[in-house]
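Numbering (UniProt numbering), first residue to last: 1 to 272.
For glycine and all other residues, C-beta sits at the position ideal for the given N, C-alpha and C.
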């Protein structure tokens, strides 16, 4: 494979706006609000919202252009994901063309294989490689891949490594071995569900609340959610938090003005 193609010179924001489970009624408004707040990476997928979210995201992008929130599509980093029912070469190309049409764009900045799937992984990746060569995807990536999945893909891939592996990652599920593997291979890990998936238990845990209290002062308040997002960033994970609240959007993006101590990082990591 051509080393110059291994890591395309594509810059991805550390913090993106996640659109999972926004619902058809809220996706357009919420995405527009996120762009208005200052987000420039939008993370979506073919299957989100029963295949409606990409359409609503596309409308939100047009709204943002019309209101001069962005001056051009090139300001954005748009990620979408190919659905597993479209695995295989021809079906993958069909899936991407549908996504581009729904989003109202000529290309995406990152196109991911949403799930490894039981078969046709190599053919799917070959389609993604061609989409990259054709300029329909500025980078190609994977999601929910384990080390084993990545190793199998590596055997057949002509373009390696994937730019990103987007996976569930939080203190209850820290993915330590996967992070080490991806670091060695030059794959960016992008964490979803950074606040946990167990109904608020993680955000209410003692070490997270302790760090929130320690970092808060008369000048600023650092929330438990910000602590968890910062924990991910300090492990070199990009993040895509989701919310429909403009106030929370601002809060989730405001995670660069403070640093967790080594002790706080260790204490939070012990929750695993």
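Considering only 159, 43, 56, 103, the residue with the shortest C-alpha distance to residue 13 is 43. Judged by beta-carbon spacing, residue 28 lies beyond the 7 Å limit of residue 64, meaning their Cβ atoms are not closer than that value.
Three or more pairs of CB atoms, one per stretch, sit closer than 8 Å, so the stretch 109-124 contacts the stretch 133-143. Residue range 164-168 is occupied by the beta strand (DSSP E) that includes residue 165. The DSSP-derived three-state label of residue 111 is strand. The bridge partners DSSP lists for residue 77 are 41. Check the Cα spacing between residue 187 and each of 247, 81, 150, 21: the tightest is with 150.
The beta carbon of residue 242 sits closer than 6 Å to those of 18, 20, all from its chain and outside the five residues before and after it, given in chain order. A buried status is given to residue 226, since no fewer than 16 other beta-carbon atoms sit within 10 Å of its beta-carbon. Counting along the chain, residue 142 sits inside the beta strand (DSSP E) bounded by residues 140-143.
By the criterion of at least three beta-carbon pairs nearer than 8 Å, the stretch 242-262 is in contact with the stretch 213-229. When only Cα atoms are considered, residue 208 and residue 202 end up about 8 Å apart.
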